[in-house]
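Everything on this sheet refers to the single structure shown next.
Residue numbers (full-length UniProt numbering): 1 to 292.
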């Protein structure tokens, strides 16, 4: 059992009795205490140091510093994907231990607060702790949202790889699933690149497309119309049976605007007059033969 050091002000009391405070805090935060070393290792976050820093900011009523500290903490927890339930339990434990020490401090200094004074103090301290929680979660969610958006933008850019193979001919190999969001991204990127590169013939290979929902098909058809309106010849290769079936249900008719070929190899043979291609060639093989 630690002997409590006396102090005439709460700030000094908390500093002098930090070791006792940490012991009490760990006894309250049952689920977090076993994760302290792991959290420190993963995110270089010292929970005990941070808890002590927070309560000192609270008792000194440093509202701005509390908010800045919370924002910094939120980014750290988001960056390292730390478990939020641990943070919630830790803050609850800090609040409970803090109020326990306020009671001990008043008792040691024979402070008999009037109800009005007690409630004012309670309100001030709780508002600062609540401000920390709110700013922590705002910072956490903002960082996560920005990270997700950056990752989505990166994926979208990488998922529309227009590859020029001659000054007039480019290939757009698409893979994965095309939903409405991705269809819109593809439309924006493709139309921009067709104009920028002045593509005369675009070979769009769909052999890697696993799924395309009805909304995406309709958006895809708008893209095809847009490409031909810009004066480019469009060749579609590798249409899978299930996608063709969905298109037939929607009464899709390419008409004369679009030429289809069974494989990318067939299209390259037709439009680049290359004879040494075969159906086992990878894209890397195709490009190496094209530039020979």
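The beta carbon of each residue, even a glycine, is placed where N, CA and C say it ideally should be.
Per the coordinates, the alpha-carbon of residue 13 lies some 32 Å from the alpha-carbon of residue 138. DSSP, reduced to helix, strand and coil, places residue 232 outside both helices and strands of the structure shown, so it counts as coil.
Between residue 98 and residue 31, the C-beta gap is not smaller than 9 Å, which leaves the two residues out of contact.
Judged by DSSP in its simplified three-state form, residue 211 adopts strand. Taking the CA atoms as reference points, residue 162 sits about 11 Å from residue 205.
By the neighbour-count criterion, in which a residue is buried when 16 or more other Cβ atoms sit within 10 angstroms of its Cβ, residue 265 is buried. In the same chain as residue 107, and ignoring 5 residues on each side of it, no C-beta atom comes closer than 7 Å to its own. Between residue 190 and residue 221 a beta carbon distance of about 13 Å is seen, past the 8 Å cut, so the two are scored as non-contacting. Among the bridge pairs identified by DSSP, residue 237 is matched with 205, 261. In the three-state scheme derived from DSSP, where H, G and I count as helix and E and B as strand, residue 83 is classed as coil. Around the beta carbon of residue 173, a 10 Å sphere encloses 16 or more other beta carbons of the protein chains shown; the residue is thus reported as buried.
Assignment of residue 76 by DSSP, reduced to helix, strand and coil, places it in the helix class. A Cβ-Cβ separation of about 5 Å places residue 132 in contact with residue 66 under the 8 Å criterion. In this structure, 182 is the residue among 208, 182, 232 with its C-alpha nearest to the C-alpha of residue 218.
Counting only the Cα atoms, residue 145 lies some 10 Å from residue 152. It is roughly 44 Å from the alpha-carbon of residue 39 to the alpha-carbon of residue 187. Under DSSP, residue 243 forms no beta bridge with any residue.
Here residue 57 carries a helix assignment [DSSP, helix/strand/coil].
Here residue 175 is exposed, its C-beta having fewer than 16 other C-beta atoms within 10 Å. Boundaries of the beta strand (DSSP E) harbouring residue 175: 169-178, taken from the DSSP string. Residue 163 is bridged by DSSP to 171. The alpha-carbon separation between residue 214 and residue 61 amounts to approximately 58 Å.
Between the segment 42-61 and the segment 120-132 there are three or more C-beta pairs closer than 8 Å, enough to call the two in contact.
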